[in-house]
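Asker: One structure, pasted below without further comment.
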Amino acid sequence: MHGHGTRQLSPPRSLTTVEREILRKLVAEISGSVEVLDCQTRHVKVIEECSVGCGTVALAVDEEACPSLDNQGGAPSSGLGADEHGSPIEVLSHFRDGYLRMIELVRLDGGLARGLPPAHL
Ligand SMILES: [Zn+2]
Numbered sequence: 015m016h017g018h019g020t021r022q023l024s025p026p027r028s029l030t031t032v033e034r035e036i037l038r039k040l041v042a043e044i045s046g047s048v049e050v051l052d053c054q055t056r057h058v059k060v061i062e063e064c065s066v067g068c069g070t071v072a073l074a075v076d077e078e079a080c081p082s083l084d085n086q087g088g089a090p091s092s093g094l095g096a097d098e099h100g101s102p103i104e105v106l107s108h109f110r111d112g113y114l115r116m117i118e119l120v121r122l123d124g125g126l127a128r129g130l131p132p133a134h135l
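The opening residue of the sequence shown carries number 15 in my numbering; numbering runs sequentially from there.
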């Protein structure tokens, strides 16, 4: 899991265009209800960001608006790419209790990831 601290956002913010794009790609790999996944990606906000700027974000889905996804835990989907400086990274989506909770970036060479890759995932 993400090893850095996070800082809470108050109020929560919407996903950036890049975050949304990445999330769509990650979610497309997940087996489960497409409707539920689509709902969650539309009703999600960023509630925490990595305090050192690696790009990892903690998410909160509006649980009133969307049902939970069955049988999901841990990190069901990941993709490989490069960050904006060309460093190799893995991006993972984490679910807990059937709801999307985090987009995590891990730099594969052990360095610090610096943000999400645009479209090379
Ligand atoms: Zn981080």
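Just so it is clear, CB atoms sit at the ideal spot from N, CA and C, and this is done for glycine as well.
1) So for T31, helix, strand or coil by DSSP?
2) Are K59 and A74 closer than 9 Å when you measure CB to CB?
3) Among the candidates E63, P90, C68, whose CA atom is the shortest distance from the CA of A42?
4) If you compare alpha carbons, which of R128, D111, L114, L40 is closest to G100?
5) What distance in whole Å lies between the Cβ atoms of Q22 and L62, which are believed to be in contact at a cut-off of 8 Å?
6) Return the CA-CA distance between T70 and L94, expressed in angstroms with no decimal places.
7) What does the alpha-carbon distance come out to for the pair T12 and R34?
8) Using CA coordinates, which residue listed in Y113, G125, R121 is at the minimum distance from L51?
Answerer: Walking through what the data contain:
1) T31 falls in the helix class under three-state DSSP.
2) Against a cut-off of 9 Å, the Cβ pair of A74 and K59 comes out as a contact.
3) Looking at the Cα atoms, P90 is the closest of the given residues.
4) Selection R128, D111, L114, L40 evaluated against G100 yields R128 as nearest (Cα-Cα).
5) Here residue 62 is Glu; the residue named in the question, Leu, does not match the sequence. The beta carbons of E62 and Q22 sit about 5 Å from each other, so the pair counts as a contact at 8 Å.
6) A direct Cα-to-Cα measurement between T70 and L94 gives close to 15 Å.
7) There is simply no residue 12 to check, as the chain begins at 15 and stops at 135 in what is shown.
8) Closest option to L51, Cα to Cα, is Y113.
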